[in-house]
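J.:
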Ligand code: V47
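Residue numbers (our numbering): 129 to 518.
1) Check whether the Cβ of residue 309 sits closer than 7 Å to any heavy atom of the ligand V47, and report yes or no.
2) Okay, do the segment 293-310 and the segment 266-278 touch, 3+ Cβ pairs below 8 Å being the bar?
3) Please confirm whether residue 474 and residue 436 have their CB atoms less than 8 Å apart.
4) By Cβ distance, which residues of its chain are closer than 7 Å to residue 478, with the 5 residues on each side in sequence left out?
5) How many angstroms separate the CA atom of residue 439 from the CA atom of residue 343?
6) Would you call the CB atoms of residue 158 and residue 365 closer than 8 Å?
7) Could you round the C-beta distance between residue 210 and residue 198 to whole angstroms and report it? I think they count as a contact, below 8 Å.
8) Going straight from the alpha carbon of residue 357 to that of residue 132, what length do you get?
9) Please identify the residue among 330, 371 and 404 whose C-alpha is closest to the C-alpha of residue 431.
10) Ignoring anything shorter than 3 residues or poking outside the segment 421-453, list the beta strand (DSSP E) runs there in chain order.
11) Looking at residue 445 and the ligand V47, is the gap between the Cβ and the nearest heavy atom below 7 Å?
12) Under 6 Å Cβ to Cβ from residue 451, same chain only, skipping five residues before and after it: list those, please.
13) Tell me whether residue 249 is buried or exposed, calling it buried when 16 or more other Cβ atoms sit within 10 Å of its Cβ.
14) Taking DSSP as the reference, what is the three-state secondary structure of residue 211?
15) So what does DSSP say about residue 518, is it helix, strand or coil?
16) First and last residue of the beta strand (DSSP E) that includes residue 239?
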């Protein structure tokens, strides 16, 4: 703790007492936090919890996103990435194209492939299993974080199999864990408005529970800043906390800020920086059983993500490379950062950068294939903060 807590909103006093006494917060507390404008007190409390757990460390990883197709039957209003099969810009990678992206990622030093795609009407489940098998065979040291609960549900439907059998097949093929996407906001009122053909919130949680039972860890997300109420955000966070109490299978939580451009909800204004920082802080305070809260720089911008490291977040996510979901929705952030750039951002926030793998083990680069010369994301070269154009 670097400075004493100063509270200007008296409603936060009893909440602060609970946080300092390590007592669990309830739904009312969560709502009060979201409604309060005392951002610095909320941030102080979140930072207190964060430093108790992680000290001064901030994690990052070297990863690569592989989005095998943007063809999607779901047509979610929130999304700018999905296309109908004949739309301009629709694409589907051949397996060889996907493997080539994997090879590029490995040359850049990636320890993780983050693999998600649209719900394609004609691709078989075997395509996805072959993709995973092929990547695992070629790059056995890379962790495959693949397919959201939404995709798992779709594969189960097209193969007329159970969720459990689908997950077992994915695991046998080489999936190591699942990303946290598709959670949006669990409340049915919101799903009806932003993603009416997607799995229900209850089903998303059930698939996560089943994955965890099978030994597959996953992440969890919350898409905020569109049509949801603050009560619905709190409800979402508490449903995740309840599930985590049962399974302990969630690795990290990632609050995702809504980007309206090029979506059917483009009339909605973007959430503010204050909302993003508060949401990260409240997530840290309510999700007392989640170790890691990510400030995903791609959606927050590197500048806000850096500030979030003092508001409860302990991870910046990764180098990423070739991000499509947010950039189709108008994100103006870069599509990748180098290791050196991530380290500068972290150090300038007063934190100590630690490269991790997907499950938060420290990465020992001496045990990994060397990074190919000339690959910018692999660079560990020191870059002065003043030269970054973020
Ligand atoms: O599920 C889609 C969201 C998610 C938009 O698990 C949008 O480590 C904002 O889940 N504006 C995909 N958000 C990203 C995701 C993720 C990202 C980083 C790390 C991890 C992880 C997971 O992006 C989707 C959806 O919730 N999304 N469209 C949009 N227009």
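Backbone N, C-alpha and C define an ideal beta-carbon position, used for all residues, glycine too.
T.: This is what the structure holds:
1) Residue 309: yes, Cβ under 7 Å from the ligand V47.
2) Touching, yes.
3) Cβ atoms of residue 474 and residue 436: not closer than 8 Å.
4) Cβ within range, chain order: n/a, list empty.
5) Near 31 Å, if we compare the C-alpha coordinates of residue 343 and residue 439.
6) Yes, the Cβ-Cβ distance between residue 158 and residue 365 is below 8 Å.
7) Indeed they touch by this definition, with Cβ atoms about 6 Å apart.
8) Distance between the alpha carbons of residue 357 and residue 132 is about 32 Å.
9) Looking at the Cα atoms, 404 is the closest of the given residues.
10) Listed in chain order, the beta strand (DSSP E) runs fully inside the segment 421-453 are 443-446, counting runs of at least 3 residues.
11) Indeed, a heavy atom of the ligand V47 lies less than 7 Å from the Cβ.
12) Hits under 6 Å: 193, 426 and 463.
13) Classification of residue 249: exposed, given that the 10 Å Cβ count is below 16.
14) Three-state DSSP puts residue 211 in a strand.
15) Summary for residue 518: the model assigns pLDDT 43, below 50, so the residue's position carries little reliability; its value from the coordinates is reported in the next sentence. In this structure, DSSP gives residue 518 a state outside helix and strand, which the three-state scheme calls coil.
16) No residue range can be given for residue 239, since it is assigned to no beta strand (DSSP E) and is classified by DSSP as neither H nor E.
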